[in-house]
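Comments concern the structure below.
Numbering (this note's numbering), first residue to last: 660 to 861.
This is the structure in structure tokens:
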């Protein structure tokens with residue numbers, strides 16, 4: 660396996676070094692993190708390992724404000740999206756035939772939006788989806804995961820469809836952990852990862 664970097668200039672005044680772990684696959688799994696939930700954090704780190712184990716190349720996309728260590732503002736979203744779009748476009752020049760976007764929180768909005776622009780995107784995994792991200796996925800098969808202790812959780816919004824499948828985990832917060840209980844968090848972690856693996860294998 661080789662590691663490459665796709666360099667993307669950011670409106671935050673920095674250059675983003677997007678890490679691409681390549682095993683010369685025609686499958687690509689792309690990680691889009693949350694505001695404070697980085698690509699190095701637990702679930703996304705495990706998704707990187709899972710993707711590689713299943714034969715995907717893995718592209719990790721941090722955001723300019725994270726690299727610059729700036730605060731996040733909602734009005735930055737269009738600029739962040741443009742930077743992600745540029746990075747993904749460059750990655751797709753490598754000839755990937757099938758792409759999965761994995762978004763966490765803010766990344767779910769970006770994943771859902773970007774999925775409508777690239778024909779290679781065949782699946783979405785939305786971890787703790789926010790706002791109206793699940794309504795933006797169109798006909799793309801989508802797995803959405805959320806916990807009942809997440810402030811973004813609204814049972815009225817949890818509606819399965821032909822293309823959208825929800826997995827709701829009792830007691831998990833926005834970090835997909837049990838608040839204040841490390842052992843309980845570790846116990847449920849395999850179930851979260853297994854749900855993603857089952858979806859990727861379909």
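Virtual Cβ for every residue (Gly too), placed ideally from N, Cα, C.
Approximately 6 Å separates the beta-carbon atoms of residue 760 and residue 691; this is inside 8 Å, confirming the contact. If you ignore the 5 residues before and after residue 725, its C-beta comes within less than 7 Å of the C-beta of 697, all in its own chain and listed in chain order.
Annotation for residue 719: the continuous beta strand (DSSP E) segment containing it runs 716-719.
Straight through space, the alpha carbons of residue 662 and residue 683 are spaced by roughly 11 Å.
By the Cβ test, the stretch 749-760 is in contact with the stretch 775-795, since at least three Cβ pairs between them sit closer than 8 Å. Sequence-distant Cβ neighbours of residue 789 in its own chain, meaning closer than 8 Å and more than five residues away, are 764, 765, 767, 768, 811. Secondary structure of residue 694 (DSSP, three-state): coil.
Distance check between residue 665 and each of 828, 856, 793, 717 places 717 closest, using alpha-carbon atoms only.
Minimum Cα-Cα distance from residue 721 among the listed residues 748, 829, 689 corresponds to 689. For the set 727, 859, 681, the Cα lying nearest the Cα of residue 751 is the one of 681. Comparing alpha carbon positions, the residue from 693, 825, 660 closest to residue 854 is 825. Cβ contact annotation for residue 827 (same chain, cutoff 7 Å, sequence separation greater than five): 805, 807, 817, in chain order. With respect to the C-alpha of residue 685, the residue from 845, 770, 745, 711 having the closest C-alpha is 711.
Only residues of its own chain outside the window of five on either side were considered, and among them 787, 809 have a CB closer than 6 Å to the CB of residue 833, listed in chain order.
Pairing residue 670 with residue 747 gives a Cβ-Cβ distance that is not under 7 Å.
Rounded to whole angstroms, the separation of the alpha carbons of residue 705 and residue 693 is 15 Å.
Of the candidates 673, 713, 675, 775, 713 places its Cα closest to the Cα of residue 857. The bridge partners DSSP lists for residue 828 are 806.
The DSSP-derived three-state label of residue 712 is helix.
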